[in-house]
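Encoded as structure tokens, the structure appears first; notes follow it.
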Amino acid sequence: MPFSNLVDKDLLFKILDAIDEGIIFVDEEGRMLYMNKSAEKYRNIKNEERLGTSVVMCHPESIHSKVLEVLENFKKGIVTKRHKIVHANGRYYENIYNVVHDDNGKYIGLVLETRDITEKFMLERELKKMNEELERKVKERTEEIRMAYEQLRRAQEVLMQVEKMTSIGRFVAGLAHEINNPLDGIQNCIRAVLAEPDNKQKLREFLGLALEGLDRIELIVRRLLDYAKPHIFERIDLNINDIIEDALAIAQFRIKDKKIEVEENLSDEELIVVGDFHYLEQVFANIIFNAIDAVNFNGKIEIETFGDDKSVFVKIKDNGCGIPESILNKIFDPFFTTKPNGTGLGLYLSYNVVSSHGGRIEVKSKVGEGSTFTVILPRKILDENKQGENVKYESSYY
Numbered sequence: 001m002p003f004s005n006l007v008d009k010d011l012l013f014k015i016l017d018a019i020d021e022g023i024i025f026v027d028e029e030g031r032m033l034y035m036n037k038s039a040e041k042y043r044n045i046k047n048e049e050r051l052g053t054s055v056v057m058c059h060p061e062s063i064h065s066k067v068l069e070v071l072e073n074f075k076k077g078i079v080t081k082r083h084k085i086v087h088a089n090g091r092y093y094e095n096i097y098n099v100v101h102d103d104n105g106k107y108i109g110l111v112l113e114t115r116d117i118t119e120k121f122m123l124e125r126e127l128k129k130m131n132e133e134l135e136r137k138v139k140e141r142t143e144e145i146r147m148a149y150e151q152l153r154r155a156q157e158v159l160m161q162v163e164k165m166t167s168i169g170r171f172v173a174g175l176a177h178e179i180n181n182p183l184d185g186i187q188n189c190i191r192a193v194l195a196e197p198d199n200k201q202k203l204r205e206f207l208g209l210a211l212e213g214l215d216r217i218e219l220i221v222r223r224l225l226d227y228a229k230p231h232i233f234e235r236i237d238l239n240i241n242d243i244i245e246d247a248l249a250i251a252q253f254r255i256k257d258k259k260i261e262v263e264e265n266l267s268d269e270e271l272i273v274v275g276d277f278h279y280l281e282q283v284f285a286n287i288i289f290n291a292i293d294a295v296n297f298n299g300k301i302e303i304e305t306f307g308d309d310k311s312v313f314v315k316i317k318d319n320g321c322g323i324p325e326s327i328l329n330k331i332f333d334p335f336f337t338t339k340p341n342g343t344g345l346g347l348y349l350s351y352n353v354v355s356s357h358g359g360r361i362e363v364k365s366k367v368g369e370g371s372t373f374t375v376i377l378p379r380k381i382l383d384e385n386k387q388g389e390n391v392k393y394e395s396s397y398y
């Protein structure tokens, strides 16, 4: 069909009647001059009944003032594009206004397009309801999670307190045990001396044993005081390999005595930590001495140092007897020891020294195969322009 035929009025009306949206043309006075079939259906009126009457009258009474306001605004050049209405039939509609001007730009009316948005509105309302329900449930779950977290936190605090009291109990029990053993020996020596006061040979022997017991108690008390008092560390830049070499030098006599093979894999890279040389030296010496005690004659100890961007690692591995899994979590407890003459303070003090330097100690062990102690300390990357400078400062241990 030629395009020119579209100017035919009847054909144009048929096209407008085929549109699902209701179309009403309103003149500048607000009178309806045309209404398509969809508009009649939506408003339940006949075209001929309302043509020439005010468009206000084909709207629910509740929004008459709103429609009048829109019409007045259009005359003033204030454009309201759309608003939503609820019709008497219970369905939801949306009015869309489009201004019509003549060839000279004069306002001559408007086209009112009405769309049935009931399904869309109901879906939106249901979606809003679902969102509100979801928000309510999220809020409830969030509150439940917060309460659960608070309960967990309180439980952790109780557990920490229990652990603290348990640790204190083990500490006191260990201290009593360590002191009672030599005290019992001293008492037995005194009783023996009192039983035979004229036996000079036994007198010397028992007094010597009593002195050994007193020396043992003195050592325990000295280590205990060393553990209990606040320590002031001198913190300077240290090369971890230098500390390891000095710790090995301290243990050299015992290493040679047991003919132990020591394999050193020390990093060629400069691994700098900030700390107290002598305390860190004692940490590594303690771990090395433990490894020496654990291995047999002709045993082997491997020492490796390496680092990443943030940490320095020192791994000390032995092929000794290993630590049973049942006691692995106790080895850093004060006075816990499996050695006949051990004080049980060496690893505990080592753990605290490393912790005070911002590090940690990790242990892996298997009975019959050996143990691996890994000391991890914060690494300091030296400025190339400031290498060799040591900034000293003090830090309290406890």
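Heads up: the sequence shown at position 157 corresponds to 157 in full-length UniProt numbering, and the numbers run straight through without jumps. Glycine included, each C-beta is placed from N, C-alpha and C at the ideal position.
Inset, instruction - Might you give, ordered along the chain, the residues of its own chain that have their beta carbon closer than 7 Å to the beta carbon of SER65, omitting 5 neighbours on each side? - result: Within the same chain, SER65 has no close Cβ partners at all.
Legend entry - Proximity test, LEU68 beta-carbon vs the ligand NAD heavy atom, cut-off 8 Å: The ligand NAD is absent from the structure shown, which contains no ligands of any kind.
Legend entry - Start and end residues, beta strand (DSSP E) containing GLY368: Unbroken run through GLY368: none, as it is neither H nor E.
Legend entry - Boundaries of the alpha helix (DSSP H) in which GLU304 is found, first to last residue: Judged by DSSP secondary structure, GLU304 falls outside any alpha helix (DSSP H) and instead within the beta strand (DSSP E) spanning 300-307.
Inset, instruction - Let me know the secondary structure DSSP gives LEU51 once reduced to three states. - result: Three-state result, LEU51: coil.
Inset, instruction - Give me whichever residues DSSP pairs with LYS317 in a beta bridge. - result: As a beta-bridge residue in DSSP terms, LYS317 pairs with GLU302, THR372.
Legend entry - Pairwise C-alpha distance: LYS310 and MET147: Near 36 Å, if we compare the C-alpha coordinates of LYS310 and MET147.
Inset, instruction - Tell me THR114's beta-bridge partners as DSSP assigns them. - result: Residue pairing by DSSP places THR114 opposite GLY22, ASN95 in a beta bridge.
Legend entry - Of the listed residues GLU140, SER355, GLU69, LYS9, nearest to TYR97 (C-alpha basis): Comparing Cα-Cα distances from TYR97 to each of GLU140, SER355, GLU69, LYS9, the minimum goes to GLU69.
Legend entry - Rounded straight-line distance, which links the Cα of GLU212 to that of ASN239: Their Cα atoms are separated by approximately 40 Å.
Legend entry - Where ASN265 falls, given that 16 or more other Cβ within 10 Å makes a residue buried: It is exposed - the Cβ of ASN265 has fewer than 16 other Cβ atoms within 10 Å.
Inset, instruction - Taking only the alpha-carbon atoms, compute the straight-line gap between GLU205 and ALA192 and give it to the nearest angstrom. - result: For GLU205 and ALA192, the gap between their C-alpha atoms comes out near 10 Å.
Legend entry - alpha helix (DSSP H) segment containing GLU263, residue limits: GLU263: not part of any alpha helix (DSSP H); member of the beta strand (DSSP E) spanning 261-265, first to last residue.
Inset, instruction - Please go through the same chain and pick out, in chain order, the residues whose beta-carbon is closer than 7 Å to the beta-carbon of GLY322, but skip the five residues on each side of it. - result: Correct list, in chain order: SER365, LYS366, VAL367, GLY368, GLU369, GLY370, SER371.
Legend entry - Pick from LYS37, LYS330, PRO378 that is closest to GLY359, judged by C-alpha positions: Closest option to GLY359, Cα to Cα, is PRO378.
Legend entry - Coil, strand or helix - HIS101 by DSSP: HIS101 sits in a strand when the DSSP states are folded into three classes.
Legend entry - Residues sharing a beta bridge with TYR149, DSSP: BP columns for TYR149 are empty, so no partner.
Inset, instruction - Put ASN239 into one of helix, strand or coil per three-state DSSP. - result: Under the three-state reduction of DSSP, ASN239 is assigned to strand.
Legend entry - Straight-line Cα distance separating GLN201 from LEU349: Between LEU349 and GLN201, the C-alpha separation is close to 41 Å.
Inset, instruction - Go ahead and pull the three-state DSSP assignment for LEU33. - result: DSSP places LEU33 in strand when its eight states are reduced to three.
Inset, instruction - Between the Cα of LYS300 and those of ILE316, LYS14, PRO182, spot the shortest distance and give me the residue it belongs to. - result: Among ILE316, LYS14, PRO182, the Cα nearest to that of LYS300 is on ILE316.
Inset, instruction - Output yes or no for whether 9 Å exceeds the beta carbon distance between LEU183 and ILE145. - result: No, they are not a contact pair.
Inset, instruction - Would you mind sorting GLU133 into buried or exposed? The rule is 16 or more other CB atoms within 10 Å of its CB. - result: Exposure of GLU133 is indicated by the presence of fewer than 16 other C-beta atoms within 10 angstroms of its C-beta.
Inset, instruction - Return the chain-ordered list of same chain residues with a C-beta closer than 8 Å to the C-beta of LEU33, the five sequence neighbours on each side being excluded. - result: Excluding the 5 residues flanking it on each side, LEU33 has same chain C-beta neighbours closer than 8 Å at PHE25, VAL26, ASP27, LEU51, GLY52, GLY109, in chain order.
Inset, instruction - Determine which residues share a DSSP beta bridge with GLY109 and list them. - result: According to DSSP, GLY109 bridges with ASP27, VAL100.
Inset, instruction - Have a look at GLU245 and ALA285 and give me their C-alpha separation to the nearest angstrom. - result: Taking C-alpha positions only, GLU245 is separated from ALA285 by approximately 10 Å.
Inset, instruction - Measure the C-alpha to C-alpha separation of PHE121 and ASN36 and round it to an integer number of angstroms. - result: Looking at the two C-alpha atoms, the distance is approximately 24 Å.
Inset, instruction - Tell me whether ASN298 is buried or exposed, calling it buried when 16 or more other Cβ atoms sit within 10 Å of its Cβ. - result: By the 10 Å Cβ count, ASN298 comes out exposed.
Legend entry - DSSP three-state assignment for ILE288, whether helix, strand or coil: Helix.
Inset, instruction - Quick one: give me the first and last residue of the beta strand (DSSP E) that GLY346 is part of. - result: First-last for GLY346: 346-356, but that is the alpha helix (DSSP H), not the beta strand (DSSP E).
Legend entry - Three-state secondary structure assigned by DSSP to PRO324: In the three-state scheme derived from DSSP, where H, G and I count as helix and E and B as strand, PRO324 is classed as coil.
Inset, instruction - Use the C-beta contact count for TYR149: other C-beta atoms within 10 angstroms, 16 or more gives buried, fewer gives exposed. - result: Classification of TYR149: exposed, given that the 10 Å Cβ count is below 16.
Legend entry - Extent of the continuous beta strand (DSSP E) run through ILE272: Per DSSP, ILE272 is one residue of the beta strand (DSSP E) stretching across 272-275.
Inset, instruction - Compute the distance between the beta-carbons of VAL295 and ILE331, then report whether it is under 9 Å. - result: Not closer than 9 Å, so no.
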